[in-house]
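Colleague: Sharing a structure here in structure tokens format.
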Amino acid sequence: MRKFLSGNEAFAEGVRLARPQVISAYPITPQTTVVEALASMVEEGSLACEYLHVESEHAALAAAMGASATGARTFTATSSQGLLYMAECLTYASGGRFPIVMMNANRALALPWNIYGDQRDSLSLLDHGWIQVYAENNQEALDLALMAYAVAEDERVSLPVMVNVDGFALTHTYESVEVPEAQAADAFLPPYATANRFDFERPVSIGYSAGPEFNGHYQYWHHRDMLAAETVVEEVEARFAATCGRRYPGLVDAYRCEDADLVLVTLGSAAGIARDVADELRAAGTRAGVLRIRYLRPVPGRQLAEALAGVAAVGVLEKDISFGGDGGAVFSTVLVACARRGVARPALNFIGGLGGADISRDQVRVCFADLERLAAGQGEAGRVVFLGIDDEEGGLR
Amino acid sequence: MTDRKFTPHLREGLGARPEEFARSTCFEGGYLTSVNAGWRSLRPLIDPVQCTLCLNCYMYCPDGTIFKVRDGEGVCTALAIDYDFCKGCGVCAKVCPVPCIAMVDERGDGEVAAGISGVSTERVLQRREQDLMSCSPKRGLPERIEMSETPARKDAEGGAA
Ligand code: SF4
Ligand code: SF4
């Protein structure tokens with residue numbers, strides 16, 4: 021059924037179709053309306069689910085783990101400082117291999133205080149052992165709510181998934197969205213069954229310690245299973261296409277990259293305008309492309325290296341900065357992914373959209389113009405440019 | 034109460050095959066894999082002569098390392114402490130109403146470190162070697178006893194119910 025929904029409302033529809041048995045969440049802007057929508061669904065009886073009103077985000081994820089440890093399908097959602105407040109529990113949930121799905125409404129981090137969208141919250145937590153995926157639009161957000169459970173609960177993966185939805189740009193923006201029929205969703209996503217749970221018939225120890233002798237083995241398997249998620253994502257997307265009718269492209273979404281000289285890598289809702297500008301440049305004779313990262317954990321290393329191997333210059337546009345580091349977290353990830361696979365292309369990092377600032381068409385044009393100069397041998401590769409702040413000076417070295 | 038189908042029991046370590054258990058922190062219950070008491074600096078000592086078998090210590094021990102010793106008829110005649118897992122927190126000594134649990138310095142001079150009267154302060158043998166926290170050789174654990182009955186009741190049949 022086609023509906024006109026905000027990103028949060030769309031996500032809530034996806035969660036309802038996934039039939040979680042326990043939802044545990046604490047409200048925070050701009051996530052609030054997703055948990056409000058779910059609370060209404062539970063209240064009106066259209067979602068049979070235990071809804072836990074907890075006292076904090078830390079408690080929200082702790083309770084979600086407890087619920088998951090009884091074998092329940094579990095959902096939580098947060099944003100920004102709430103996600104940081106959860107941080108301690110993030111590694112518990114991933115190390116415990118609880119396939120919780122969380123929606124994170126991407127939002128700036130304090131200080132200075134700011135409730136608007138950027139991606140510094142989730143990007144600062146890439147190494148907490150969660151699968152991280154970024155939605156571009158409300159349709160993808162809804163579909164990811166369903167697909168995230170299928171990936172998380174696959175036995176080869178058994179890891180929690182953080183679905184990132186750009187704060188306000190998606191969470192509070194209305195779009196026309198196709199909501200799958202419950203029957204199709206049920207055919208796609210069977211009920212959760214796991215041996216990773218408390219069971220009176222088969223007593224288990226859960227959440228135990230592991231000393232120096234064995235600790236490394238746990239981390240080894242966690243890493244291995246996260247890497248296995250790549251295959252599982254592809255299988256899940258094929259099944260989703262068969263049951264719900266929409267086909268997603270795996271860990272990355274490449275747009276006109278095959279023969280591109282200039283490629284702008286980005287993630288989330290900024291990809292739309294980047295593609296528009298690429299089309300505009302194509303029409304004017306410049307071979308431009310856009311590579312949208314969907315999954316940042318696991319890192320789409322092979323896909324990045326393959327897509328970027330033949331380009332003249334590559335830019336990474338992200339709503340993040342790793343203070344004192346090599347630009348933003350996405351830039352570092354892209355460069356390392358390429359370097360590991362023997363690909364070294366001249367690259368620039370564009371930092372924009374911080375604290376809810378718009379990434380404008382003109383800014384994307386500036387990015388591509390900079391890449392064009394770099395491809396022509398002008399300017400220094402590796403610069404980190406804050407859009408609208410130091411593009412004139414040419415960025416920080 | 035229905036009969037339990039499975040009674041967890043303590044077993045020795047799993048050997049050196051972490052792939053059997055290291056994928057998630059969820060594993061069949063009832064295993065203790067290594068001696069784990071290396072951080073204990075004070076050792077609780079129960080004076081069996083003064084002990085009234087009130088079970089306060091047994092209930093309060095946060096690690097469940099105090100166990101019942103029974104005679105041939107299954108009657109609890111004394112309490113003992115599993116020093117492979119006792120962390121030396123002293124809760125048992127605090128809650129003993131007699132009091133008859135001494136906290137003795139592990140460094141081996143036998144000095145009573147907690148204020149208990151009337152307890153023998155025999156020199157305690159050093160056990161630090163076997164208490165070393167990690168990589169300790171797996172070894173047999175002392176016999177454990179079903180934990181279902183109260184002391185001095187001779188009619189308990191069948192253990193856990
Ligand atoms: S010292 Fe603590 S851990 Fe040891 S037996 Fe007493 S209460 Fe238990
Ligand atoms: S608390 Fe004291 S008296 Fe009671 S059982 Fe323990 S050692 Fe004995």
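Listed in order, the protein sequences are those of chains A and B. Per this note's numbering, residue 21 is the first one in the first sequence, and the count goes up by one each step. Per this note's numbering, residue 34 is the first one in the second sequence, and the count goes up by one each step. Ideal placement from N, C-alpha and C gives every residue a C-beta, glycine not left out. Model, not experiment: these values are computed from the prediction.
Suppose you measure from the CA of residue 90 of chain B to the CA of residue 98 of chain B; what does that come to, to the nearest Å?
Modeller: 10 Å
Colleague: Compile a chain-ordered list of the residues in the segment 77-106 of chain B whose CB is closer than 9 Å to at least one CB of chain A.
Modeller: none
Colleague: I need the residues with a C-beta less than 6 Å from some heavy atom of ligand 1; please give them in chain order.
Modeller: Those residues that bring their Cβ nearer than 6 Å to a heavy atom of ligand 1 are B/77, B/94, B/96, B/98, B/99, B/114, B/119, B/120, B/121, B/122, B/123, B/124 and B/125.
Colleague: Should residue 88 of chain B be counted as a contact of ligand 2 given a C-beta to heavy atom distance under 6 Å?
Modeller: Because some heavy atom of ligand 2 lies under 6 Å away, the Cβ of residue 88 of chain B counts as near it: yes.
Colleague: Comparing the C-beta of residue 226 of chain A with each C-beta of chain B, is any distance below 7 Å?
Modeller: Taking Cβ atoms only, chain B reaches closer than 7 Å to residue 226 of chain A, which makes this a yes.
Colleague: Chain A beta carbons: is any one of them nearer than 7 Å to that of residue 51 of chain B?
Modeller: Yes, its Cβ sits closer than 7 Å to a Cβ of chain A.
Colleague: Leaving out five residues on either side along the sequence, give the residues of the same chain with a beta carbon under 7 Å from the beta carbon of residue 95 of chain B.
Modeller: Within the same chain, residue 95 of chain B has close Cβ partners 122 and 124.
Colleague: Grouping DSSP H, G and I as helix and E and B as strand, with all else coil, what is residue 215 of chain A?
Modeller: coil
Colleague: Does any C-beta atom of chain B lie closer than 7 Å to the C-beta of residue 238 of chain A?
Modeller: yes
Colleague: To which residues does DSSP link residue 135 of chain B through a beta bridge?
Modeller: B/78
Colleague: So who's on the other strand from residue 284 of chain A, going by DSSP bridges?
Modeller: A/310 and A/335
Colleague: For a cutoff of 7 Å on Cβ pairs, would you count residue 73 of chain B as touching chain A?
Modeller: With a threshold of 7 Å between beta carbons, residue 73 of chain B makes no contact with chain A.
Colleague: Going along the segment 54-69 of chain B in order, which residues come within less than 9 Å of chain A, judged by CB to CB distance?
Modeller: 54, 55, 56, 57, 58, 59, 60, 61, 62, 63, 64, 66, 67 and 69
Colleague: So, is residue 85 of chain B buried or exposed, given that buried needs 16 or more other C-beta atoms within 10 angstroms?
Modeller: exposed
Colleague: So, does the CB of residue 150 of chain A fall closer than 7 Å to a CB anywhere in chain B?
Modeller: no
Colleague: What I want to know is whether the C-beta of residue 84 of chain B ends up closer than 6 Å to one or more non-hydrogen atoms of ligand 2.
Modeller: yes
Colleague: So, for residue 40 of chain A: in the same chain, excluding its five sequence neighbours on each side, which residues have a beta-carbon less than 7 Å away from its beta-carbon?
Modeller: 69, 93, 94 and 95
Colleague: From what residue to what residue does the beta strand (DSSP E) around residue 105 of chain A run?
Modeller: Looking at the DSSP string, residue 105 of chain A is not in any beta strand (DSSP E); the run it does join, the alpha helix (DSSP H), is 100-115.
Colleague: Quick check on the burial criterion: 16 or more other C-beta atoms within 10 angstroms. Buried or exposed for residue 76 of chain B?
Modeller: buried
Colleague: Taking the alpha-carbon positions, what's the residue 51 of chain A to residue 124 of chain A distance?
Modeller: Residue 51 of chain A and residue 124 of chain A have their C-alpha atoms spaced approximately 7 Å apart.
Colleague: Measure the alpha-carbon distance for residue 237 of chain A versus residue 215 of chain A and round it to whole angstroms.
Modeller: 20 Å
Colleague: Using a C-beta cutoff of 7 Å, does residue 345 of chain A count as contacting chain B?
Modeller: No, because no Cβ of chain B sits closer than 7 Å to the Cβ of residue 345 of chain A.
Colleague: Give the DSSP bridge partners of residue 221 of chain A, in chain order.
Modeller: Its beta-bridge partners do not exist; DSSP assigns none.
Colleague: I'd like the span of the alpha helix (DSSP H) that includes residue 240 of chain A, first residue to last.
Modeller: 235-264
Colleague: Ligand 2 and residue 112 of chain B: does any heavy atom of the ligand fall closer than 6 Å to the residue's C-beta?
Modeller: yes
Colleague: Under 7 Å between C-beta atoms, does residue 116 of chain A make it to chain B?
Modeller: yes
Colleague: Between residue 69 of chain A and ligand 2, is there a pair consisting of the residue's CB and a ligand heavy atom that are separated by less than 6 Å?
Modeller: Not under cutoff, so the answer is no.
Colleague: Can you name the residues of chain B whose CB is closer than 7 Å to the CB of residue 178 of chain A?
Modeller: Listed along the chain, the chain B residues whose CB falls inside 7 Å of the CB of residue 178 of chain A are 57.
Colleague: DSSP beta-bridge partners for residue 118 of chain B?
Modeller: For residue 118 of chain B, which the question treats as bridged, DSSP gives no partner whatsoever.
Colleague: Would DSSP call residue 398 of chain A helix, strand or coil?
Modeller: coil
Colleague: Is there a Cβ from chain B that is less than 7 Å from the Cβ of residue 216 of chain A?
Modeller: yes
Colleague: Compute the Euclidean distance between the alpha carbons of residue 309 of chain A and residue 366 of chain A, then round it to the nearest angstrom.
Modeller: 15 Å
Colleague: Taking 7 Å as the threshold (C-beta atoms), are residue 407 of chain A and residue 372 of chain A in contact?
Modeller: Between residue 372 of chain A and residue 407 of chain A, the C-beta gap is smaller than 7 Å, which places the two residues in contact.
Colleague: Judging by CA-CA distance, which residue of A/289, A/313 and A/283 is the nearest neighbour of residue 302 of chain A?
Modeller: Comparing C-alpha distances from residue 302 of chain A to each of A/289, A/313 and A/283 shows the shortest one belongs to A/283.
Colleague: So with CB distances below 7 Å, who are the chain B contacts of residue 241 of chain A?
Modeller: 55 and 56
Colleague: Please report the residue range of the alpha helix (DSSP H) in which residue 411 of chain A lies.
Modeller: Careful: residue 411 of chain A lies outside any alpha helix (DSSP H) and carries neither H nor E.
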